[in-house]
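A quick write-up on the structure given underneath.
There are 2 protein chains.
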Amino acid sequence: MKFGINLFPTTGPAEKSAARHFEESLRLVELAEELGFHHVKTVEHYFTPYGGYSPDPVVFLAAAAARTSRIRLVTGAVIPAFTHPVQLAGRLAMLDNISRGRLSVGFGRGFLPDEFAAFQVPMDESRDRFTEGVEACRRLWSEEDVVWEGRFHRFGPVTLLPRPFQRPHPPILVATALSPESCEAAGAAGHGLMMVPSINRTEQVRAMLARYRAAWDDAGHDPGDRDVHLSYNCYLAEDGDVALERGRVYSEHTNRALAAAVEPWTRTRSDAYRGYERVVERVRGSDFGKQVRDGKALVGTPHEVLDRVHAIRGWFGDVTISLQVISGNMPFEESQRSMRLFAEHVLPAFDQESAAVTAG
Amino acid sequence: MKFGINLFPTTGPAEKSAARHFEESLRLVELAEELGFHHVKTVEHYFTPYGGYSPDPVVFLAAAAARTSRIRLVTGAVIPAFTHPVQLAGRLAMLDNISRGRLSVGFGRGFLPDEFAAFQVPMDESRDRFTEGVEACRRLWSEEDVVWEGRFHRFGPVTLLPRPFQRPHPPILVATALSPESCEAAGAAGHGLMMVPSINRTEQVRAMLARYRAAWDDAGHDPGDRDVHLSYNCYLAEDGDVALERGRVYSEHTNRALAAAVEPWTRTRSDAYRGYERVVERVRGSDFGKQVRDGKALVGTPHEVLDRVHAIRGWFGDVTISLQVISGNMPFEESQRSMRLFAEHVLPAFDQESAAVTAG
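Protein sequences appear in the order of chains R and X. Straight run, no breaks: the first sequence in the working numbering ends on number 1395. Straight run, no breaks: the second sequence in the working numbering ends on number 1395.
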């Protein structure tokens, strides 16, 4: 088990200035490294309080890299449909070098209609653009004199500069929401997987992970390199009632931001996004208490959260967990407290277990 | 007079690893802030040792911002022809916030055929794409609910996040090579100007600056806000012969990198780039000794360089000078030494003069 923090901003100018958001977030990155967390992650979104403070995760992660020396840096995720692969691969290679090999690159398809509209990219093309973009980045990182003759881009022969620090390239993770086929493809390709378990039933996630792991093993990849990232809303307090009450406030705040961002789905249809027309009502109908009880949000006392993490490990095996510690425009001091409580009470249990397993 | 450093990389994997380049460059940024320099600047280029280690200046400048608190950060330049304005404006706004308002944005048209080919952008469109990109960024920064109906991009209404720290937007600088019309347009628009005086005759530069300043004043902008950035190769040593000998080595190294990058101009023609077909022979025919004598390279003893800077001020008035302190794959220790000598012997003269002028 590995544990990091996900600095997914769900705030906007009416609530918190961007300068303050970045200043606090950089302090949380320094704290995360100090406390022994494994990674920091952030997202690519535009225009709305649902992630819009982070149109380019590489910019923030470069600042984070300059303030730290050990913690890993993860894009969660960048969206190749919106960016030329030469630019995307190039700036990620810069970050990989600035951080001396601490980068893992999560790629996502994107799912917000207003973003695709702004970039004049048809949503129906999103899967093909995603696939082409990931593969083009992989080749630009790992090969020289690359000639690319794709559906959306044609270039070469070119040799990307800078060459990535990690060879042949930084670890690649693929974000997926609901698609077992994507999980299988990621496993076959030797990519990591990035999921948000709160939007699926636990049994569905288990089934998707089983297909991912089977495809990974069938392809002959080293089982030790498999990497599954799961993000969870997170709020810890010594008093369980306080945790539930505050956790609910921030969860509902995040859901309002998400509901506003997905609202265009009420008038959007795409064969490439079946079922998304119901996403608004699903977000609005989200039941915080049930999420906590079902182990889909890490909210409670340190002891309760430790139990939940044990349950998650039981369901999904050894995974990498990203704690959403600023969701819902949570005040900085509460983010710090959650992280400190998690580091004090949860991290040691799993560090010791890993050590024991290794020693055994 | 203001003085900063230009970290324009002219090296590649065969000479210096990218990790080492970035590590040394970040140390030079810290040194520049410590020594009282005004800004750090870097470039956008791709694929070759002529700037190719910096496909996205914003990534490096974000790391630089995280290591500093006073020095200004300047893109020199970003190329809007290659990047969607929502992404360009967005990541620059992130940097403006991360640095708490220390960003100035230089925009350039680009001039390397292989870059335009990789992005499948016709060079003949470069001026229109530049103009549209700069104006779209300006509006995204300064207005909400922006509707953009351009020749190359259509989007909106959208409100960019994050909002920039500096209002209405970070200072804008326009890079220009040879075009008096561009200088006039920049002055009329209230933008700063970014030039490389070494590629023009001094009288040409004077004429262009006169048109820029006249257009600025005619438009009623505050004369105190005018900003002209000039970049110079720089090498200082206590021993003048050593300075000339080492300066020549690095200048010739840079010229070889430039000559290789512009080599495609031998088989490229564009009405938007008249005369560029002769750029290769001009670079190859460059005469280092004459450059130094003509005050187009700041190479020599501290006293000689001080005299040159006085001459530059006499020719061009108060300008912002960017010292190219890593050009030609110069060893880190020599970059440090040049900067220290400049800070010790040249900076104080102009700081005192500025103070005297203000006091008088």
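Heads up, the beta-carbon is just placed ideally off N, CA and C, and yes, glycines get one too. Just so it is clear, the structure is predicted and the values come from calculations on it, not from any experiment.
Checking the DSSP bridge columns, you'll see glycine 1039/R partnered with Ser1357/R. Within the segment 1059 to 1105 of chain R, the complete beta strand (DSSP E) segments of 3 residues or longer fall at 1074 to 1077, listed in chain order. Taking 7 Å as the Cβ-Cβ cut-off, the segment 1187 to 1201 of chain X approaches chain R at Arg1189, Phe1190, Val1193, Thr1194, Leu1196, Pro1197, Arg1198 and Phe1200, given in chain order.
Membership of leucine 1127/X in any beta strand (DSSP E) is not indicated; the residue belongs instead to the alpha helix (DSSP H) covering 1120 to 1133. Nearest in C-alpha terms to threonine 1211/X, of all of Phe1385/X, His1073/X, His1188/X and Asn1235/X, is Asn1235/X. The CB of aspartate 1091/X comes closer than 8 Å to the CB of Val1093, Gln1122, Gly1125, Arg1126 and Met1129 in chain R, given here in chain order. Counting C-beta atoms within 10 angstroms of its own C-beta, threonine 1301/R has fewer than 16 neighbours from the protein chains shown and is therefore classed as exposed. A distance below 7 Å between beta-carbons, with the five flanking residues on each side excluded, links methionine 1243/R to the following residues of its chain, in chain order: Pro1215 and Cys1218. In the DSSP assignment, tryptophan 1251/X falls within the unbroken alpha helix (DSSP H) covering 1237 to 1253.
Residue-level contact check: leucine 1265/X does not touch chain R, since none of the beta carbons of chain R fall below 8 Å from its beta carbon.
Per DSSP, phenylalanine 1142/R lies in no alpha helix (DSSP H) segment; the continuous beta strand (DSSP E) that holds it begins and ends at 1138 to 1142. Going by beta carbons, glycine 1330/R and isoleucine 1356/R fall outside the 8 Å limit. When Cβ-Cβ separations below 8 Å define contact, histidine 1119/R makes contact with chain X. When 9 Å is used as the limit between beta carbons, isoleucine 1361/R is near no residue of chain X, the shortest such separation being about 15 Å. Only residues of its own chain outside the window of five on either side were considered, and among them Met1158 have a CB closer than 6 Å to the CB of phenylalanine 1151/R, listed in chain order. If only complete runs of 3 or more residues are kept, the segment 1287 to 1344 of chain R shows the beta strand (DSSP E) at 1332 to 1335, in order along the chain. Across the structure, leucine 1341/R and alanine 1384/R are spaced so that their CA atoms are roughly 8 Å apart.
Flagged as an interface residue toward chain X: arginine 1102/R, by a C-beta distance shorter than 8 Å.
Across the structure, glutamate 1079/R and asparagine 1268/X are spaced so that their CA atoms are roughly 38 Å apart. Leucine 1208/X and proline 1090/X have their C-alpha atoms roughly 19 Å apart. Of Gly1143/X, Glu1238/X and Met1365/X, the smallest CA-CA separation from threonine 1118/X is found for Gly1143/X. Beta bridge pairing from DSSP links tyrosine 1270/X with Val1334/X. For the pair aspartate 1386/X and alanine 1153/R, the Cα-to-Cα distance works out to about 47 Å. Here phenylalanine 1190/X is bridged, per DSSP, to Trp1183/X. The Cβ atoms of proline 1199/X and aspartate 1260/X do not sit closer than 8 Å to each other.
Contact residues of the segment 1061 to 1090 of chain R toward chain X are Leu1061, Tyr1081, Phe1082, Gly1087, Tyr1088 and Pro1090 (C-beta to C-beta distance below 7 Å). The three-state secondary structure of valine 1156/X, taken from DSSP, is coil. For arginine 1162/R, the enclosing alpha helix (DSSP H) covers residues 1161 to 1177. In terms of CA proximity to proline 1120/X, Ala1171/X leads the group Ala1171/X, Ser1370/X and Ala1067/X. In the structure shown, methionine 1230/X adopts extended strand secondary structure according to DSSP, grouped into three states.
By the Cβ test, the segment 1362 to 1378 of chain R is not in contact with the segment 1317 to 1329 of chain R, since fewer than three Cβ pairs between them sit closer than 8 Å. Here the C-alpha atom of alanine 1220/R lies approximately 32 Å from the C-alpha atom of alanine 1053/X. Ranking Ser1104/X, Ala1097/X and Gly1141/X by CA distance to the CA of arginine 1126/X puts Ala1097/X first. Here glutamine 1359/R is buried. Its C-beta has 16 or more other C-beta atoms within 10 Å.
Taking C-beta separations shorter than 7 Å and ignoring five residues to either side along the sequence, the partners of threonine 1103/R in its chain run Val1064, Glu1065 and Glu1068, following chain order. Burial state of histidine 1338/R is exposed, judged by a 10 Å Cβ sphere holding fewer than 16 other Cβ atoms.
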